[in-house]
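Before any comments, here is the structure.
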Amino acid sequence: MIDGQLTSKCRHVAAPALLGLLVVAFSACAGGGGGDEDSGSAATTAAETTSAAPAVTSSGPATPAATNTDIDALRRAGGTATAAIPGSTLISIETERDGRWEVQVVAADGTEHEMDISSYGATVTVGPTAKTEDEADKAKHRERVQAAQVDYRAAADKILAEVPNGTITELNLDSNNGTTVWEADVADSSQTKHEVTIDAGSGQVLHNTTGR
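If you use mature numbering (1 follows the signal peptide of the UniProt record, and there is no 0), the sequence shown corresponds to residues -30 to -1, 1 to 182, in order.
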């Protein structure tokens, strides 16, 4: 009788215990499945976020826009040339097909020097080279320079006032019928060629002729 009672009690105790184990096992299985689903969702979200992010590329520093104009380059080239021969005076400047400037200056003693300047106008690329001349030629150079009260910068300004929006391709200090003059070749905005002559003493425009 006692054995029967004990067996009945064990059955009553074991049943709830077994039920509890089944609940725990079921919960663990359910939780594990949810974790896999959550992990998959997280991985998918991360992948989507990564693919949605814009690609970052490095193109280096931006190149500044060019602000150079023909007259600015002419002035720079003239300044670079006269600085190369201290105390000199510019008597000729001409732009070549490759963009460089061919410049001639006269030193204080009348010696003429030639050089090439970069297209931007800041660097001497060839020269300066002194021309071999006799004293008579040097005296003529000095006389011409002394007669020019208008330098190449002021001459260029007067020429461009005469031919608005023009491009000076050549500018020379010369003598014309006993008058010291600046002579310039200028292309206007329609590419019409102008030959402009300015009195280097007074700055007066003497001629402005056109031709293709």
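Backbone N, C-alpha and C fix where the C-beta goes; we use that ideal spot for every residue, glycine too. Owing to the predicted nature of the structure, the values given are computational and were not obtained by experimental measurement.
{"query": "Residue range of the alpha helix (DSSP H) that GLU132 falls in?", "result": "122 to 132"}
{"query": "Which residue's Cα is closest to the Cα of GLY148: PRO134, ALA117 and ALA53?", "result": "ALA117"}
{"query": "Would you mind giving the Cβ-Cβ distance between GLY97 and HIS111, rounded to the nearest angstrom? I have them listed as a contact below 8 Å.", "result": "Contact flag wrong, Cβ pair sits at about 17 Å."}
{"query": "Just mark THR167 as buried or exposed, buried being the case when its beta carbon has 16 or more other beta carbons within 10 Å.", "result": "buried"}
{"query": "Starting from LYS163 and walking both ways along the beta strand (DSSP E), at which residues does that stretch end?", "result": "163 to 169"}
{"query": "One question on the structure: do ASN142 and ILE61 come within less than 9 Å of each other, judged by their Cβ atoms?", "result": "yes"}
{"query": "Leaving aside the five residues before and after THR180 along the sequence, list all residues of the same chain whose C-beta is less than 6 Å from its C-beta, in chain order.", "result": "THR162 and HIS164"}
{"query": "Which one or two residues does DSSP pair with GLY181 in a beta bridge?", "result": "LYS163"}
{"query": "Assuming ASP40 is part of the alpha helix (DSSP H), what are its boundary residues?", "result": "40 to 54"}
{"query": "Under a Cβ-count criterion, where at least 16 other Cβ atoms within 10 Å of its own Cβ denotes burial, should THR65 be classed as buried or exposed?", "result": "buried"}
{"query": "Could you give the distance in angstroms between the alpha-carbon of GLY136 and the alpha-carbon of GLY48?", "result": "18 Å"}
{"query": "Between ALA92 and the rest of its own chain, which residues show a CB-CB distance below 7 Å, the 5 nearest in sequence each way excluded?", "result": "ARG46 and THR50"}
{"query": "For GLU132, collect the residues of the same chain with a Cβ closer than 7 Å to its Cβ; drop the 5 residues on either side in sequence, then sort them by chain order.", "result": "VAL166, VAL175 and ASN178"}
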